[in-house]
Amino acid sequence: MKKVGVLTGGGDCPGLNAVIRAIVKSAEKRYGWEVIGIEDSFEGLIRSGKTRVMTSYNIRGILPLGGTILHSSNKANPFEYVDPDDPAAGPRDMSRTVLQNFGTWGLDALIAIGGDGTNRLAARLFDMGLPVVGVPKTIDNDLRATDVTFGFNTAVTTATECLDKLHTTAASHHRVIVVEVMGRYTGWIALESGLAGGADVILMPEIPYDMDAVVHKILERAKLGSGFSIVVVAEGAKPKGGGVVVREKGGKGKGLDRLGGVSIRVGDEIAERTGVDVRVTVLGHIQRGGSPTPFDRNLSTRFGAKAMSLVAKGQFGHMVCLKGQDVTSVPIHDAITDYKWVPLESGAVLTAEAIGICLGRFTQFP
Numbered sequence: 013m014k015k016v017g018v019l020t021g022g023g024d025c026p027g028l029n030a031v032i033r034a035i036v037k038s039a040e041k042r043y044g045w046e047v048i049g050i051e052d053s054f055e056g057l058i059r060s061g062k063t064r065v066m067t068s069y070n071i072r073g074i075l076p077l078g079g080t081i082l083h084s085s086n087k088a089n090p091f092e093y094v095d096p097d098d099p100a101a102g103p104r105d106m107s108r109t110v111l112q113n114f115g116t117w118g119l120d121a122l123i124a125i126g127g128d129g130t131n132r133l134a135a136r137l138f139d140m141g142l143p144v145v146g147v148p149k150t151i152d153n154d155l156r157a158t159d160v161t162f163g164f165n166t167a168v169t170t171a172t173e174c175l176d177k178l179h180t181t182a183a184s185h186h187r188v189i190v191v192e193v194m195g196r197y198t199g200w201i202a203l204e205s206g207l208a209g210g211a212d213v214i215l216m217p218e219i220p221y222d223m224d225a226v227v228h229k230i231l232e233r234a235k236l237g238s239g240f241s242i243v244v245v246a247e248g249a250k251p252k253g254g255g256v257v258v259r260e261k262g263g264k265g266k267g268l269d270r271l272g273g274v275s276i277r278v279g280d281e282i283a284e285r286t287g288v289d290v291r292v293t294v295l296g297h298i299q300r301g302g303s304p305t306p307f308d309r310n311l312s313t314r315f316g317a318k319a320m321s322l323v324a325k326g327q328f329g330h331m332v333c334l335k336g337q338d339v340t341s342v343p344i345h346d347a348i349t350d351y352k353w354v355p356l357e358s359g360a361v362l363t364a365e366a367i368g369i370c371l372g373r374f375t376q377f378p
């Protein structure tokens, strides 16, 4: 019987367990393969004792479960691995250990479920000879090779529900509430949740914001009798001529830069320039948690089954993706070349400005 390993890397995301479930069920029922769960991302291929046999029996009930039963890490880069038992030794290249353990444990293939970072690592390991298939995962929806990533729909739903709740408290106290959402260097969550949640201002990385436009919008609403405003800010938003706010610098063995704090800057400037009472709310990791929506459960299930199909056909070095209504695949190297930005002429952008939402710029209609 052939064995396929599966791991989850990077930040957790609603739908991960649904992908795992589909891989296990498809491997068993269609192909007769055994699935080995690898814990804590690539760390499970570096350190022993972090694997488990997965069967349809022991994955019962995980479809609606948030998070990942295999646990995850964004600090398990095998090319720059810092041993938690000896951090003073600094980062070391453990990629050969990954390949060695892969062979020693009798694995025939690996399915790596993760975002751009995980898939970049998978691509490098593929170049070293590891038979790997990637599955795109991120609430940020910023992987260019796929139309949608699972987890995004759930994150937007969660953020929208929070905006609904914040509307009532903002209106009750005549306040401006600035809400910071995730998304890293793209504005998909901010735009979609802001549009669905009735935001008055949406600031996203693709449009460096002009505070004059933001202040004008808030004062204009006040003149028209609206004593409150909701401002949605993507964590990667930046002012015209400025850069993103980095809360914690990444680096070797530390993972990616941690963004955050732009909402405080925006809130402080709004308060200073308008005199309005302002509150800042950072939604944070609540966007990563919770049960996946039906859309994300179905997309995750389709991705998992497709990943196992690629493995069975020997189509390694590919990443599963959604194109239109079809689940297909692309070479993994093509999937990690750049971020998928929000198109400035997209329907969502045009709709937002058409109904009067300020996107951080003054808008003139023809």
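Start counting the sequence shown at 13; every next residue gets the next number (the working numbering).
By construction, the Cβ of each residue, glycine as well, lies at the ideal position given by its N, Cα and C atoms.
Keep in mind the model is a prediction, meaning the values are calculated, not measured.
Taking 7 angstroms as the limit between beta carbons, can you name the residues of its chain near residue 137, skipping five residues before and five after? Working through the sequence shown from its first residue, we reach residue 137 at position 125. 107, 110 and 144, listed in sequence order.
Taking the beta carbon of residue 229 as the centre, do at least 16 other beta carbons fall within 10 Å, making it buried, or is it exposed? Stepping through the sequence shown from its first residue, residue 229 is reached at position 217. Buried, by the Cβ-count rule.
Beta carbon of residue 49 nearer than 9 angstroms to that of residue 14: Within the sequence shown, numbered from 1, the residue matching residue 49 stands at position 37. Within the sequence shown, numbered from 1, the residue matching residue 14 stands at position 2. No, the pair does not count as a contact, with Cβ atoms beyond the cut-off.
For residue 339, I'd like the list of residues in its chain whose CB is within less than 7 angstroms of its CB, leaving aside the five on either flank, ordered along the chain. If you number the sequence shown from 1, residue 339 lands on position 327. Within the same chain, residue 339 has close Cβ partners 314, 315, 318 and 332.
Just to confirm, is the Cβ distance from residue 189 to residue 16 under 9 angstroms? Translated into positions along the sequence shown, residue 189 becomes position 177. Translated into positions along the sequence shown, residue 16 becomes position 4. No, the Cβ-Cβ distance between residue 189 and residue 16 is not below 9 angstroms.
Does the Cβ-Cβ distance between residue 271 and residue 290 come in under 9 angstroms? Here residue 271 refers to the residue found at position 259 of the sequence shown. Here residue 290 refers to the residue found at position 278 of the sequence shown. Not a contact, by the Cβ cut-off of 9 angstroms.
Assuming residue 246 contacts residue 182 (C-beta within less than 8 angstroms), just tell me the rounded distance between them. For the purposes of this step, residue 246 is taken as the residue at position 234 of the sequence shown. For the purposes of this step, residue 182 is taken as the residue at position 170 of the sequence shown. The pair is not a contact, with the Cβ atoms about 19 angstroms apart (cut-off 8 angstroms).
Is the distance from the Cβ of residue 211 to the Cβ of residue 369 below 9 angstroms? If you number the sequence shown from 1, residue 211 lands on position 199. If you number the sequence shown from 1, residue 369 lands on position 357. Against a cut-off of 9 angstroms, the Cβ pair of residue 369 and residue 211 comes out as a contact.
Residue 12 to residue 299 span [Cα, whole Å]: Lying before the first or after the last residue shown, residue 12 is absent from the chain, which here runs from 13 to 378.
Judging by CA-CA distance, which residue of 133, 362 and 114 is the nearest neighbour of residue 348? Taking the sequence shown and counting its residues from 1, the one referred to as residue 348 is at position 336. Among 133, 362 and 114, the Cα nearest to that of residue 348 belongs to 133.
Do the CB positions of residue 379 and residue 81 come within less than 9 angstroms of each other? Examination of residue 379 is not possible in this model, given that the chain is present from 13 through 378 alone.
DSSP puts residue 234 in a beta bridge; with which residues? Within the sequence shown, residue 234 is the residue found at index 222, counting from 1. Note: residue 234 sits in no beta bridge, so no partner.
Pick out the complete beta strand (DSSP E) segments inside the stretch 264 to 326, 3 residues or longer, and give them in chain order. 290 to 294
Proximity to residue 46 [Cα-Cα], best of 375, 324 and 337: As a first step, residue 46 is located in the sequence shown; it is residue number 34 there, counting from the start. With distances taken between Cα atoms, residue 46 lies closest to 324.
Sort 41, 25, 26 and 57 by Cα distance to residue 18 and report the nearest one. In the sequence shown, counting from the first residue as 1, residue 18 sits at position 6. With distances taken between Cα atoms, residue 18 lies closest to 57.
According to the Cβ coordinates, are residue 254 and residue 196 closer than 9 angstroms? Working through the sequence shown from its first residue, we reach residue 254 at position 242. Working through the sequence shown from its first residue, we reach residue 196 at position 184. Taking 9 angstroms as the Cβ cut-off, residue 254 and residue 196 do not qualify as a contacting pair.
Please classify residue 21 as buried or exposed, where buried requires at least 16 neighbouring CB atoms within 10 angstroms. If you number the sequence shown from 1, residue 21 lands on position 9. Answer is buried; the Cβ neighbour count reaches 16.
Return the CA-CA distance between residue 282 and residue 209, expressed in angstroms with no decimal places. Walking along the sequence shown from the start, residue 282 turns up at place 270. Walking along the sequence shown from the start, residue 209 turns up at place 197. Near 21 angstroms, if we compare the C-alpha coordinates of residue 209 and residue 282.
Is the Cβ-Cβ distance between residue 163 and residue 304 less than 9 angstroms? Within the sequence shown, numbered from 1, the residue matching residue 163 stands at position 151. Within the sequence shown, numbered from 1, the residue matching residue 304 stands at position 292. Their beta carbons are under 9 angstroms apart, which means residue 163 touches residue 304 by this criterion.
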